[in-house]
Structures are given as structure tokens and as C-alpha cells.
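Visitor: Counting from 1, position 72 in the sequence shown corresponds to residue 305 in my numbering; the numbering is continuous, with no gaps.
For glycine and all other residues, C-beta sits at the position ideal for the given N, C-alpha and C.
Once you've had a glance at the structure underneath, I'll fire off some questions.
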Amino acid sequence: MASLFPFAAVVAGVGSHLFFFKTGERHLNPLRYVQAFLLAFTVLAVAQWHYSGIPVRVALAATTKLAGLYLAGLYSSLIVYRLFFNPLNKFPGPYTARLSKFDHAFRNAKLNGHHQLHEMHRKHGRFVRIGPNDLSVTDPDAVQVILGPQSRCTKAQWYSQESPLSSMHTTRDRALHDRRRRVWSPAFSDKALRGYENRIQKYNVLLIKQIEAFSGMSFHNPFSIVHDIPHPLTCSRATPQCFKMVQSLQLRCDG
Numbered sequence: 234m235a236s237l238f239p240f241a242a243v244v245a246g247v248g249s250h251l252f253f254f255k256t257g258e259r260h261l262n263p264l265r266y267v268q269a270f271l272l273a274f275t276v277l278a279v280a281q282w283h284y285s286g287i288p289v290r291v292a293l294a295a296t297t298k299l300a301g302l303y304l305a306g307l308y309s310s311l312i313v314y315r316l317f318f319n320p321l322n323k324f325p326g327p328y329t330a331r332l333s334k335f336d337h338a339f340r341n342a343k344l345n346g347h348h349q350l351h352e353m354h355r356k357h358g359r360f361v362r363i364g365p366n367d368l369s370v371t372d373p374d375a376v377q378v379i380l381g382p383q384s385r386c387t388k389a390q391w392y393s394q395e396s397p398l399s400s401m402h403t404t405r406d407r408a409l410h411d412r413r414r415r416v417w418s419p420a421f422s423d424k425a426l427r428g429y430e431n432r433i434q435k436y437n438v439l440l441i442k443q444i445e446a447f448s449g450m451s452f453h454n455p456f457s458i459v460h461d462i463p464h465p466l467t468c469s470r471a472t473p474q475c476f477k478m479v480q481s482l483q484l485r486c487d488g
């Protein structure tokens with residue numbers, strides 16, 4: 234009976250991947266899986282020591298072996314699936330992108346990943362594989378398919394970074410998004426947007442005049458101006474001091 238334990242451990246690893254980790258977004262709870270693995274390891278080691286009457290050292294060694302076989306089965310199944318059976322394998326891209334997202338992270342190590350991604354699109358076309366479950370798309374027709382009102386697509390896993398917090402923009406729950414969108418929709422009607430344009434234009438003209446007054450000067454950090462400028466739309470809705478903030482704008486310069 235004990236001779237079947239190694240085989241059962243490998244089968245359990247393969248089964249864990251095929252029937253659990255391969256489906257859904259299991260990456261969202263990595264700590265839980267580590268805790269479950271350590272708990273199972275402890276329970277199995279104690280059970281072998283208690284019921285088999287073997288020394289603790291031997292029980293730990295046997296459990297470690299079974300745990301290693303389980304992980305070997307799990308990752309072997311993962312690798313085989315990603316290399317040969319993943320539906321995204323039909324899309325072009327680096328072969329190593331099939332295995333792990335570390336490929337994309339490595340390419341971005343020098344913070345020039347956008348240049349490399351641009352080159353990959355020049356080489357492979359509008360659809361490029363950049364990870365086991367990730368595509369980079371530059372096809373303009375995809376915008377309507379992915380983001381249109383009749384789209385069947387859901388937001389990517391990236392939007393879950395703030396979980397359990399969410400906004401209308403980051404929520405991946407379609408029903409919740411629709412409820413929040415109905416509240417915001419009147420603010421983005423054609424009539425409302427035309428009204429915003431008139432308000433914003435007033436501050437835009439004033440801001441340009443203020444910046445032109447500093448023509449010919451050199452600045453320590455030209456982008457620091459952004460921190461001193463109130464948002465035009467919020468400004469027009471908030472307080473009359475906003476107008477004075479733009480009017481009294483000062484830029485730090487060398488001269």
C-alpha cells in the first residue's frame with residue numbers, strides 16, 4: 234500500500250493543475266495555497282509518525298519526498314499544458330512567453346519594455362503573445378470588440394490589484410459597473426460635455442497666457458507646473474479661489 238503513495242502524489246499534483254489551477258483566477262490568493270500546502274505537509278507528517286510508529290525524522294523525510302513528487306506532478310502538467318495545449322499558442326510571440334510572465338518582466342528590466350513590445354509588433358503583427366495567458370493587441374478594430382457596449386469581454390486580472398476595493402473603472406463585476414454607470418451617465422451626456430468645454434476653455438486661455446509670461450526663462454523642472462495647477466473641471470465646480478490659483482501661478486526658474 235505504501236508503495237502507491239509516490240504515484241498517488243504525482244497524480245494528485247497533475248490533477249490539482251488540470252482541475253483546479255488551470256481554471257479561474259487562482260493567482261489572486263497565493264498565500265492561501267502556501268498555507269494549505271504547509272498544513273497538508275504537517276498533517277501528513279504527524280499522521281505517519283503517529284499511526285505508523287516511525288521516528289519523526291523518517292516521517293519528515295517521507296513527507297518531504299511526497300511533497301516533492303506532488304510539486305513535480307503539478308509543474309510538469311503546467312509546463313506541458315502551456316507549451317503544447319494552451320489555446321493561445323496559435324498567436325506569435327517569444328517562445329519563452331508561453332511558459333511564464335517572467336519573460337515579459339525580464340524584457341522590461343531596463344524600463345524599455347515599450348520599445349521592445351513595439352519591435353515585437355513590427356515583427357509579428359497586431360497580435361503578440363507576451364505571457365501564458367496574455368496578448369498585446371494593436372488592432373484598432375479590437376477596441377469596439379473589447380470595450381464596446383455589446384462586448385462579451387471582461388476586464389483583465391490587472392484590475393483586481395486594489396481588491397477588495399473597487400471603483401466604477403476598476404470593478405470587474407458587470408452588474409455593479411452598470412449600476413454605477415447609470416449614476417454617472419448624465420454627467421457625460423453631449424449637453425454636459427459641451428458645458429464643460431466652455432468652462433475649461435476659460436481656464437485654458439488664462440493658463441496659456443500665464444505660461445507665455447515666462448517665455449525665455451529656463452526651469453529646474455518644467456513638469457513641476459503640473460502640481461500647481463488645479464484641475465479645470467473640478468476648479469469650476471469647487472471654489473472661486475481656483476481662478477486666483479491659475480491667475481497667480483508662479484514657476485520656479487533659474488533666471
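#1: Comparing C-alpha positions only, which one of ALA446, VAL291, LEU316 and VAL438 sits nearest to ARG362?
#2: Which value, in whole angstroms, describes the spacing of the CA atoms of GLN434 and TRP417?
#3: Which first and last residues belong to the beta strand (DSSP E) in which SER369 is found?
#4: Which ranges would you report for the beta strand (DSSP E) in the segment 295-366 if only whole runs of at least 3 residues count?
#5: Below 7 Å between beta carbons: does that hold for GLY246 and GLY306?
#6: With DSSP collapsed to three states, give me the class of ASN431.
#7: According to the neighbour-count rule (16 or more other Cβ atoms, all chains shown, within 10 Å of its Cβ), is MET401 buried or exposed?
#8: Suppose you measure from the CA of THR404 to the CA of LEU237; what does that come to, to the nearest Å?
#9: So which of LEU277, SER384, GLY358 and ALA273 has the shortest CA-CA distance to ARG407?
#10: Can you grab the Cα-Cα spacing for the pair SER422 / PHE339, in whole Å?
#11: So for HIS250, helix, strand or coil by DSSP?
#12: Could you give the residue range of the alpha helix (DSSP H) that holds HIS410?
#13: Which term fits ARG331, buried or exposed, when burial requires 16 or more other beta carbons within 10 angstroms of its beta carbon?
#14: Three Cβ pairs or more, each shorter than 8 Å: is that satisfied between the segment 370-387 and the segment 349-360?
#15: Hey, out of ASN322, PRO239 and HIS260, whose CA is closest to LEU302's CA?
#16: Who are the Cβ neighbours of LEU251 in its own chain at under 7 Å, not counting the five residues just before and after it?
#17: Given this structure, state the Cα-to-Cα distance separating VAL285 from VAL279, to the nearest angstrom.
Guide: The relevant details are as follows:
#1: Comparing Cα positions, the closest option is LEU316.
#2: Distance between GLN434 and TRP417, taken at the CA atoms: about 23 Å.
#3: From DSSP, the beta strand (DSSP E) with SER369 extends over 367-370.
#4: Fully enclosed beta strand (DSSP E) runs of no fewer than 3 residues occupy 360-364 of the segment 295-366, in order along the chain.
#5: Yes, they are a contact pair.
#6: Looking at ASN431 - three-state DSSP - the assignment turns out to be helix.
#7: Under the 10 Å beta carbon count, MET401 is surrounded by fewer than 16 other beta carbons and is classified as exposed.
#8: About 47 Å.
#9: Nearest of LEU277, SER384, GLY358 and ALA273 to ARG407, Cα basis: SER384.
#10: Near 44 Å, if we compare the C-alpha coordinates of PHE339 and SER422.
#11: Here HIS250 sits in helix by DSSP.
#12: Note, HIS410: alpha helix (DSSP H), 407-417.
#13: For ARG331, the number of other beta carbons within 10 angstroms of its own is at least 16, and it is reported as buried.
#14: Below 8 Å, enough C-beta pairs join the segment 370-387 and the segment 349-360 to call them touching: three or more.
#15: The residue with the shortest Cα to Cα distance from LEU302 is PRO239.
#16: Around LEU251: SER310.
#17: According to the sequence displayed, residue 285 carries Ser and not Val. When only Cα atoms are considered, SER285 and VAL279 end up about 10 Å apart.
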